[in-house]
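Quick note on this note's numbering: the sequence shown kicks off at 4 and runs consecutively. A short worksheet on the structure shown next.
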Amino acid sequence: VKPMPNMDTQASLAPIILLILAALAFAGSFFLLADSDFFAGSPLRTAVIVVIAATVAAVFFLVVWEFSAANRLRRALKKMAPLIDSEPSEAVKNSYLQIYNLYLKLSEKRKRNFYTRVNSLRERIEEHLKNEKEIERLFQEADKGGIAEQKKTYLKMYKAYEKLPQKVQHQYYPRIVQLRDRLERGN
Numbered sequence: 004v005k006p007m008p009n010m011d012t013q014a015s016l017a018p019i020i021l022l023i024l025a026a027l028a029f030a031g032s033f034f035l036l037a038d039s040d041f042f043a044g045s046p047l048r049t050a051v052i053v054v055i056a057a058t059v060a061a062v063f064f065l066v067v068w069e070f071s072a073a074n075r076l077r078r079a080l081k082k083m084a085p086l087i088d089s090e091p092s093e094a095v096k097n098s099y100l101q102i103y104n105l106y107l108k109l110s111e112k113r114k115r116n117f118y119t120r121v122n123s124l125r126e127r128i129e130e131h132l133k134n135e136k137e138i139e140r141l142f143q144e145a146d147k148g149g150i151a152e153q154k155k156t157y158l159k160m161y162k163a164y165e166k167l168p169q170k171v172q173h174q175y176y177p178r179i180v181q182l183r184d185r186l187e188r189g190n
């Protein structure tokens, strides 16, 4: 089973923007440091100082924003959404724990913005885990009772099986096929 990627190492445009802004600041400081009478007291020198100050402020803002818990949580939720129905339950559960830890770091005001998404994610994971436990329980009951009861158990099991993520279905598929074949033979 391939583990899911770490949610804290997601790429974004912020590093590219930071490099561009740093290049602007470097170019502006080059003009300021140029030893020339042309820049002395000119409006161009003032404009270069303003550009450098704005660039430094923008770089600071981007760094703070990029590494904030809210932004990391937003990226993690976006990445996690398509994986819930395809990845194994354990990997999804571990990723959810990372997401929940990021959620706990938020202020109460920001938590309100993410509560619905985090809660629905938890509910979907719980549903998958519940279906897995139901299948395991039904496998233990598969040999009990007559053929009619065993077929009812199989149908319940198959209904829960269909709700599982694809990678988890592969885990149960051979056992379900074996049970179905046995029931079709009437054993």
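Where a beta carbon is used, it is the ideal one built from N, C-alpha and C, also for glycine.
#1: Might you give, ordered along the chain, the residues of its own chain that have their beta carbon closer than 6 Å to the beta carbon of N134, omitting 5 neighbours on each side?
#2: Hey, which unbroken runs of the alpha helix (DSSP H) at 4 residues or more fall wholly within the region 81-156?
#3: Based on Cα-Cα distance, which residue from L16, R188, E187, Y157 lies nearest to Y175?
#4: Can you give the Cα-Cα distance for N116 and A73, rounded to whole angstroms?
#5: Can I87 and R125 be called in contact, C-beta distance under 8 Å?
#6: Does A145 pass the burial test, meaning 16 or more other C-beta atoms within 10 Å, or should it be called exposed?
#7: Find the nearest neighbour of R120 within the set Q153, F33, K82, H173, judged by alpha-carbon distance.
Per the coordinate set shown:
#1: A163, K166, L167
#2: 92-107, 111-144
#3: Y157
#4: 10 Å
#5: no
#6: buried
#7: K82
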